[in-house]
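Participant:
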Amino acid sequence: MTKVVEEKREVTIVFAGDSGDGIQLTGTQFTNTSALFGNDVSTFPNYPAEIRAPQGTLAGVSGFQLQFGSVEVFTPGDICDVLVAMNAAAFKVNLPRLKKSGTIIVNTEGFNPKSLKLAGYEASPLEDKSLEDYRTIQIDVTKMTQTALVDMGLGKKEVDRSRNMFVLGFLYYMYSRDLSPTEQFIREKFTKNPLLIEANIKVLRAGYNFGDTSETFTSRYNVKAAQLPKGTYRNIMGNQAAALGLVAASKKSGLNLFYGSYPITPASDILHELSKYKNFEVKTFQAEDEIAAICSAIGSSFGGELAVTASSGPGIALKGEAIGLAIMLEIPLVIINVQRGGPSTGMPTKTEQADLMQAMYGRNGEAPMPIISANSPSDCFDAVFEACRIAIEHMTPVFFLSDGYMANGSEPWKFPSTASLPSISVKQAKERKEDDATFLPYKRDERLVREWALPGTKGLEHRIGGIEKEWDTGNISYDPENHQRMVKVRAAKVAKIADSIPLQELNNGTATGDVLVIGWGSTYGVIKTAVSQCITEGISVSHAQIRYIEPFPRNLGELIKGFKAVIIPEMNNGQLVKIIRDRYLIDAKGINKIKGIPFSTDEIITAIKEAEETVKKA
Amino acid sequence: MTKVVEEKREVTIVFAGDSGDGIQLTGTQFTNTSALFGNDVSTFPNYPAEIRAPQGTLAGVSGFQLQFGSVEVFTPGDICDVLVAMNAAAFKVNLPRLKKSGTIIVNTEGFNPKSLKLAGYEASPLEDKSLEDYRTIQIDVTKMTQTALVDMGLGKKEVDRSRNMFVLGFLYYMYSRDLSPTEQFIREKFTKNPLLIEANIKVLRAGYNFGDTSETFTSRYNVKAAQLPKGTYRNIMGNQAAALGLVAASKKSGLNLFYGSYPITPASDILHELSKYKNFEVKTFQAEDEIAAICSAIGSSFGGELAVTASSGPGIALKGEAIGLAIMLEIPLVIINVQRGGPSTGMPTKTEQADLMQAMYGRNGEAPMPIISANSPSDCFDAVFEACRIAIEHMTPVFFLSDGYMANGSEPWKFPSTASLPSISVKQAKERKEDDATFLPYKRDERLVREWALPGTKGLEHRIGGIEKEWDTGNISYDPENHQRMVKVRAAKVAKIADSIPLQELNNGTATGDVLVIGWGSTYGVIKTAVSQCITEGISVSHAQIRYIEPFPRNLGELIKGFKAVIIPEMNNGQLVKIIRDRYLIDAKGINKIKGIPFSTDEIITAIKEAEETVKKA
Amino acid sequence: MATETIDIQLTAKDFVTDQEVRWCPGCGDYSILKQVQSILPDTGVKKEDIVFISGIGCSSRFPYYMNTFGMHSIHGRATAVASGLKIARPELSVWVITGDGDSLSIGGNHLIHTIRRNFNMNILLFNNEIYGLTKGQYSPTSPEGKVTKSTPMGSLDHPFNPLALCLGADATFIARAMDRDVKHLRDVLTRANDHVGTSLLEIYQNCNVFNDGAFEIYTDKGSKVEEALFLEEGQPLIFGADNNKGIILNSGHPKVVRLDDGSYTADDLWIHDSSDRYKAHLLTTFFDNPSLEGHLPRPFGVFYATDRFRYEEALKDQLDLAVDKKGKGDLDSLLSGKNTWTVA
Amino acid sequence: MATETIDIQLTAKDFVTDQEVRWCPGCGDYSILKQVQSILPDTGVKKEDIVFISGIGCSSRFPYYMNTFGMHSIHGRATAVASGLKIARPELSVWVITGDGDSLSIGGNHLIHTIRRNFNMNILLFNNEIYGLTKGQYSPTSPEGKVTKSTPMGSLDHPFNPLALCLGADATFIARAMDRDVKHLRDVLTRANDHVGTSLLEIYQNCNVFNDGAFEIYTDKGSKVEEALFLEEGQPLIFGADNNKGIILNSGHPKVVRLDDGSYTADDLWIHDSSDRYKAHLLTTFFDNPSLEGHLPRPFGVFYATDRFRYEEALKDQLDLAVDKKGKGDLDSLLSGKNTWTVA
Ligand SMILES: Cc1ncc(C[n+]2csc(CCOP(=O)(O)OP(=O)(O)O)c2C)c(N)n1
Ligand SMILES: Cc1ncc(C[n+]2csc(CCOP(=O)(O)OP(=O)(O)O)c2C)c(N)n1
Ligand code: SF4
Ligand code: SF4
Ligand SMILES: [Mg+2]
Ligand SMILES: [Mg+2]
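Chains as they are written, first to last, in the working numbering: chain A, 1 to 618; chain B, 1 to 618; chain C, 1 to 344; chain D, 1 to 344.
(1) Beta-carbon of Glu558 of chain A versus every beta-carbon of chain E: anything under 7 Å?
(2) Name, please, each residue of chain A whose Cβ falls closer than 7 Å to the Cβ of Met153 of chain C.
(3) Starting from Tyr524 of chain B and walking both ways along the alpha helix (DSSP H), at which residues does that stretch end?
(4) Using a C-beta to C-beta distance shorter than 7 Å, which residues of chain C count as neighbours of Val247 of chain B?
(5) Under 8 Å by Cβ, that's how I've got Gln205 of chain D and Asp179 of chain D pegged, so tell me the actual separation to the nearest angstrom.
(6) Please compile the residues from chain B whose C-beta is within a distance smaller than 9 Å of the C-beta of Glu20 of chain D.
(7) Output, in chain order, the set of chain B residues within a Cβ distance shorter than 7 Å of Ala49 of chain A.
(8) Would you give the residue range spanned by the beta strand (DSSP E) that Asp403 of chain A belongs to?
(9) Roughly how many angstroms separate the alpha carbons of Thr523 of chain A and Leu306 of chain A, rounded to a whole number?
(10) Span of the beta strand (DSSP E) holding His72 of chain D?
(11) Are the segment 328-340 of chain B and the segment 320-339 of chain A touching by the rule of at least three beta carbon pairs closer than 8 Å?
(12) Residues of the segment 178-207 of chain A with a CB closer than 8 Å to any CB of chain D: list them in chain order, please.
(13) I'd like to know whether the C-beta atoms of Ser274 of chain D and Val302 of chain D end up nearer to each other than 7 Å.
(14) Can you tell which of D:Asp261, D:Asp14, D:Pro25, D:Ser142 has the C-alpha that lies nearest to the C-alpha of Val45 of chain D?
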């Protein structure tokens with residue numbers, strides 16, 4: 001029997017199962033294999049809130065969605081072509097994401113009476129007529145795996161743990177993929193246990209062969225390599241990229257990296273990542289709390305290192321007072337907020353963009369500081385590198401805003417070479433001789449930046465602190481005129497950074513037109529996709545994704561003036577929109593989704609069309 | 001020799017000396033006596049940053065400015081009619097505040113060579129021609145006091161400590177004041193030391209008599225009682241009024257007051273004040289830090305008390321995370337910020353309004369809460385009472401913003417009777433019987449407010465926390481739709497408070513016109529004075545002082561539309577102006593002073609005239 | 001306990017909520033939950049008079065599973081919230097549930113301040129020597145050199161000795177128990193609850209996902225007799241297979257001796273006296289790494305219990321005294337103050 | 001101290017800045033400032049290698065007056081800032097200046113964590129048993145019943161015993177001195193500086209404005225001999241007029257005995273040994289209210305000093321080891337990772 005191989009431009013798959021089912025690993029392997037094959041990929045892991053929620057429950061479902069394509073893909077996909085469900089709960093939670101006529105692959109053993117009950121099903125949905133619209137592939141994965149491993153002397157637990165390899169093998173067959181990258185991975189992972197290597201590879205191949213030999217499956221798909229720009233790629237997650245960006249900035253500035261942090265979801269992975277790089281002179285310090293974390297970073301920065309602290313919303317709230325100190329001290333410091341659903345503890349494992357105003361204003365007094373964000377997982381590298389550059393070159397704390405979506409999502413990254421990265425210039429005050437003029441710690445250059453004066457340097461002894469300081473000398477001053485001058489100069493210093501950052505470019509569309517969609521952060525991919533599609537449909541719409549939120553690029557106001565309507569999609573209740581309205585007095589409209597999950601392309605397209613309609617009517 | 005008695009409408013005096021000179025006490029006594037006499041008064045104490053800066057230095061100068069009048073006065077005065085200087089440093093610091101032709105009263109002993117040197121004078125300014133424009137009264141107060149107390153057996157320290165009474169007595173003479181209120185005060189203050197009573201009264205009278213008998217002083221002044229609205233008055237400072245407002249709200253709601261706080265300038269006096277009211281069942285808890293302070297208040301509120309926490313900017317920054325928790329819990333809580341100069345430690349003893357944005361946005365996630373401010377010292381009573389009412393009736397944390405200026409300033413207060421105060425209605429959930437429906441902790445009424453369910457009430461057992469909660473039940477929920485619904489309902493609940501607060505009224509001027517001056521907080525008095533004066537001069541200007549900053553009064557947008565230009569004076573670098581611009585898309589202009597000291601009337605008048613000019617030109 | 005007692009007898013089941021328990025299967029938290037639910041009926045306190053307050057962490061999910069009043073607050077602050085509640089409502093039975101990260105890392109300051117103020121509340125410190133909820137970073141109780149997600153080359157922090165720290169903060173009650181010895185745990189829970197003042201109970205809790213077996217040496221049949229020392233009031237310090245070892249005090253320094261070779265008898269041994277602060281201090285120092293030669297066994301039970309005034313009671317006394325001295329506060333006279341004038 | 005030493009001899013004057021000292025006349029802080037300035041030249045550390053870090057409080061103004069590097073940080077956080085600096089620059093000589101409110105109230109957690117990590121730094125805790133800068137509220141070291149601005153009816157907090165707390169946090173060096181006994185203060189400052197690890201020196205400091213005379217009993221000629229016990233290494237614990245009293249250890253419990261009535265001689269007494277942790281603990285308990293009958297005298301000097309690894313050194317070792325094992329980090333190979341593909 002010949003099997004048809006169908007060409008596909010892009011495919012979205014969601015893997016779902018219990019958190020013990022190895023879903024994240026399965027998804028990551030499929031992603032890596034596809035990326036290595038040359039597809040463009042974009043992923044969205046969706047963890048349960050519990051470490052290990054009770055097996056088989058709705059709350060315990062772990063999901064991993066990915067889109068891969070022979071064209072550029074900017075999101076992990078809105079609706080899925082394929083749903084892989086290891087049990088009834090995973091099926092129930094994810095069915096709404098599946099497109100009509102999509103493919104369902106289920107492990108039938110996960111639909112036994114107990115599992116059905118846990119998922120709240122009266123009867124098995126697999127026997128339901130409602131599934132007629134879909135193509136359903138039912139496999140007793142558990143049994144197949146057991147069969148494959150019979151006589152290998154493994155316990156039931158170990159056998160069951162390799163079930164995911166069967167599914168993966170089967171999908172590799174369906175999408176005509178090579179098994180070798182995953183086989184290599186298995187060999188490395190179980191390097192200390194040859195039996196497990198053998199077992200996992202066996203099951204992986206069993207899954208592949210099952211697809212190949214079974215008569216049921218007549219179609220296979222092929223998603224060609226994408227025409228990505230030339231170069232060498234790797235797959236990378238946002239938090240990983242941020243960690244690498246910090247190490248790169250350390251290298252390019254010649255400063256050791258200090259990372260003071262307190263664990264919190266979803267920022268902790270940066271700490272885990274960096275703690276592996278001790279041979280890069282990277283010092284990670286797990287402090288007793290977020291306040292100690294930022295204060296230790298302030299101490300390290302005072303000592304002359306590239307100091308970084310990171311957290312998520314609630315932890316950032318705790319850092320507000322110390323951020324104010326860093327602003328007064330005018331020392332370099334990068335503060336990373338990997339945002340999650342709020343307020344308060346909120347939804348720790350879900351994504352959101354609701355801490356922008358906190359970054360702008362979350363401290364006492366007039367305390368402006370630069371804010372920069374990234375557009376996608378791999379872009380975290382560039383953005384955090386840029387945050388470090390600004391911090392060091394402009395002697396200021398800088399916020400870098402990431403979020404759970406890009407932190408855990410992944411995509412191919414055409415990584416740079418060390419040589420191609422810009423260097424970061426560090427201006428430290430020089431040793432003073434006896435007859436040199438007295439050192440003035442708060443004397444500024446033309447960019448209004450003071451010098452970094454490191455302990456250990458002769459003649460630079462000086463004292464700084466959080467009380468208002470006197471112009472030039474940095475001594476305590478309660479003088480009214482001095483205070484106003486200092487408040488203004490601190491603001492001007494931040495504003496002046498606009499001179500050295502790129503102008504805002506349009507990410508899509510023409511320089512003038514009907515609708516401008518302004519986004520920031522991880523909405524980049526979905527806005528990009530939606531705007532492209534609308535342009536194809538002939539709608540007059542452009543897209544500007546803002547990386548530099550404070551200060552804004554110099555030309556942003558001008559750019560906005562070219563459009564009749566401005567809409568600002570955000571995963572919050574409207575924050576950037578407030579700043580834009582205040583600054584440019586235009587009636588920008590917020591498009592808001594506060595569900596802990598990213599926008600779908602459709603949602604943005606609908607918003608664009610509504611805006612276009614309003615423009616047309618006017 | 002007859003002495004002329006000259007009538008004055010209003011007089012501004014600044015008392016200045018070392019922080020050990022009893023300046024604050026002298027000023028307060030003069031204020032109280034004038035108030036008791038029937039003048040309208042307004043005061044502005046200006047402390048040094050140090051507890052006791054070295055004697056005689058510029059940094060150690062303590063000042064107390066007051067304006068009193070036979071007409072209503074709204075500010076402590078811009079320029080002074082009289083400067084009382086106990087030493088050269090006090091003279092130097094305060095001379096710029098004195099109007100040309102003003103009166104200078106100096107203690108000559110404070111201009112000895114050592115004092116001159118400490119103040120940085122080469123030669124005594126008293127012998128300088130530059131003083132010719134002023135009327136200078138030189139008294140060797142130190143010697144006069146010593147003479148008055150000779151043979152009383154007091155030590156030099158005690159004698160010198162009563163010098164301020166001589167000055168006070170002299171001023172009482174100059175302004176035709178009665179000595180008895182101060183004599184009464186002395187008797188109470190030194191009740192355990194009759195010798196000191198005698199001494200202080202002796203010196204006070206000596207000062208008075210010195211004025212009376214000395215031939216040098218030919219003019220006396222009379223400032224008639226003001227035509228204040230009928231009623232009984234007392235003099236009150238802002239922090240005191242806030243403390244009383246809390247006790248009153250406790251009484252009118254029937255809830256015990258819990259005040260959890262950590263000392264910080266300029267908020268500590270509320271703690272000191274409240275700790276005296278134990279017989280009102282007021283519980284004050286000095287916590288180990290600001291976080292414990294607010295968390296203890298959250299615990300107390302959960303237990304059913306009227307819970308309050310207070311701090312100033314840096315301490316408020318530390319409370320951000322816990323404020324988010326209170327927003328999630330939807331429990332009553334009043335958070336007081338007595339603002340001071342920032343950022344960071346800033347200028348602790350100086351005033352500023354730079355924590356508005358922090359109150360709006362200083363926490364993670366979408367976390368809206370009501371914000372209310374007061375217009376003047378006595379208004380702190382009403383504003384804090386209103387904050388308590390909103391907190392209790394709408395089950396929400398509420399910010400009350402005060403500042404150092406109104407906290408330490410004082411004015412006459414036509415205090416209310418308990419009976420005249422509105423009552424605050426507390427809606428607590430009732431005990432549940434066996435067959436009652438299950439209690440739903442997050443079920444809301446038409447105002448979107450949930451019920452307060454106190455431990456100890458049978459059948460109301462429930463668990464709440466900072467993780468997103470399910471509609472009605474309050475159980476943990478990660479459901480995307482539920483999250484959006486909850487974020488929106490928390491915002492709607494706060495927005496709905498606008499239904500129950502008064503419409504914005506104009507404090508001065510006509511309902512439409514050229515210029516609208518919008519203020520908030522302690523700028524009330526100076527804007528009121530400036531606008532009145534401009535209206536007299538025929539300028540088309542009105543004044544709206546906003547008490548309710550979140551939510552705004554429903555009619556604010558409409559009201560603003562009636563004017564061609566809007567200016568917003570703030571003691572910060574522009575904060576309310578941002579909110580107004582964003583909300584109403586009008587080109588409101590900020591008038592900003594960031595000097596740690598209040599606006600002068602002139603500064604506001606100039607701004608109004610400039611705005612008027614621009615309107616006329618357009 | 002000042003709390004009113006009840007006539008209908010509750011059972012452990014009355015304290016179970018309708019919320020699904022969501023700890024990992026096998027987590028030590030299950031056992032602790034069960035023992036707490038099982039001792040509460042015997043305290044005689046009404047369900048509605050009990051409040052569980054927690055911070056953030058796996059263990060801090062505890063209140064959701066207790067059918068009492070409860071608050072899952074923010075990380076590290078449970079003791080501060082509980083302090084305010086105790087001041088507001090001294091009659092309630094308040095329990096704080098906290099983890100080793102929650103109470104000793106971010107919440108360390110509130111813990112020691114609560115302890116010195118001696119509010120009448122019970123603090124259950126679930127010590128699993130790891131951050132569970134954030135998936136496996138070392139905690140302030142993790143041993144030196146511990147390899148975790150954030151310390152791939154081993155932890156560099158010298159760990160806290162929690163009971164020694166709390167005693168240093170002048171605790172009035174310190175005790176230790178473990179998830180697996182349920183009868184002993186129930187006994188100590190009851191004694192913690194009976195103590196009037198802040199009772200600090202450290203419970204060794206196994207995190208089978210991120211730190212499995214951290215306390216196995218004390219819970220495993222084989223090693224337990226040699227490694228765990230159970231403190232009993234008025235009894236000598238004896239442990240070991242067939243009770244063959246004991247502890248003596250040698251001019252203020254503890255020493256392990258054998259009871260089966262004739263050199264010492266039970267009469268020579270240190271007698272446990274939980275009112276003796278010096279001895280309690282010594283017991284907290286029984287904290288060596290159990291893999292070291294000559295180490296002392298780890299004590300379990302009540303180390304120390306003493307009576308000291310409670311903050312909330314002292315405050316109540318001041319409030320009463322103030323009323324006695326000044327009369328019940330009269331708002332009108334407070335508002336008018338002492339110096340008024342009238343404009344007619 | 002790893003810090004390089006110098007050839008030109010500095011003097012106390014070299015450590016004076018041009019900033020006017022702004023404490024209240026008579027404040028105990030002046031003396032401490034002076035003693036610190038006077039011992040620094042003898043440490044042989046260069047001015048530019050010394051950093052003073054403080055929090056907020058009267059005492060925390062200290063760095064402005066030291067002609068070294070300095071930071072006046074925020075309230076309670078000086079130890080955390082200093083920890084980061086020590087990790088960045090282990091070779092610097094770092095001093096933390098803090099008050100009883102700064103270190104034990106808002107900063108309590110950072111203090112105990114710094115202590116357990118044992119960074120090589122010196123912490124000078126200026127204890128005046130009051131909040132000076134905010135004008136007179138009680139602090140965590142104020143005695144029970146203290147009447148202050150925030151406690152008109154007397155404080156309800158049982159105070160911390162700072163040295164007991166720090167020992168509970170496993171301090172490697174604890175000591176006590178006072179502002180008025182300048183020679184002793186200089187000695188103890190020098191020993192604190194010599195200690196390699198976190199040295200915690202509590203200094204009784206008189207706040208003559210808000211808490212005058214709090215330590216008079218230990219500083220006043222008349223009472224000092226009876227009330228202050230000066231600890232000297234290897235010497236018996238003797239105090240009292242004409243050294244007429246001593247302290248013995250009675251089966252682990254301290255007791256005051258007379259030396260002048262023939263019942264005891266110096267040979268019977270407790271010999272001070274700052275390496276004995278048990279004895280150090282006992283010494284911290286010499287903390288009774290001095291107005292109580294039969295109270296023990298208050299010890300001054302070095303209670304305890306021991307050697308334990310320093311966090312920053314252990315970290316340095318790990319960094320070196322990592323380079324040894326993996327080679328110096330190569331950014332390009334880090335950026336490329338293990339799985340790459342090329343689009344041609
Ligand atoms: C302000 C803040 N910082 C950090 C976190 C992340 N966080 C949650 S629980 C936890 C530590 C958990 O450890 P532990 O207290 O030992 O509890 P366990 O999970 O082990 O029971 C951390 C770091 C948070 N929720 N809030
Ligand atoms: C976050 C914050 N909270 C409160 C304060 C106010 N404050 C400054 S110093 C201080 C306490 C001072 O006491 P202590 O540490 O004993 O120092 P001392 O003045 O007695 O030397 C307080 C409460 C502050 N500056 N910052
Ligand atoms: S992670 Fe550990 S502590 Fe948390 S629930 Fe799982 S087993 Fe228990
Ligand atoms: S208030 Fe007290 S501690 Fe502060 S400077 Fe004055 S005397 Fe010293
Ligand atoms: Mg733990
Ligand atoms: Mg102090």
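Cβ coordinates follow ideal geometry from the N, Cα and C atoms, glycine included.
Facilitator: In brief:
(1) Here chain E cannot be found, since the structure's protein chains are A, B, C and D.
(2) Below the 7 Å Cβ cutoff, chain A contributes Lys278 as neighbours of Met153 of chain C, in chain order.
(3) Segment 524-536, the alpha helix (DSSP H) holding Tyr524 of chain B.
(4) Per Cβ cutoff of 7 Å: Leu331, Leu334.
(5) For Gln205 of chain D against Asp179 of chain D, the beta-carbon gap comes to about 5 Å, under 8 Å, which counts as contact.
(6) Those are Ala53, Pro54, Thr57, Ala59, listed as they occur along chain B.
(7) The answer, in chain order, is Tyr478.
(8) 397-403 is the span of the beta strand (DSSP E), which, as asked, contains Asp403 of chain A.
(9) Put simply, the backbone Cα of Thr523 of chain A is about 29 Å away from that of Leu306 of chain A.
(10) 69-72 is the span of the beta strand (DSSP E), which, as asked, contains His72 of chain D.
(11) Contact fails: fewer than three Cβ-Cβ distances are below 8 Å.
(12) Cβ contacts with chain D come from Pro181.
(13) Going by C-beta atoms, Ser274 of chain D is nearer than 7 Å to Val302 of chain D.
(14) It is D:Asp14.
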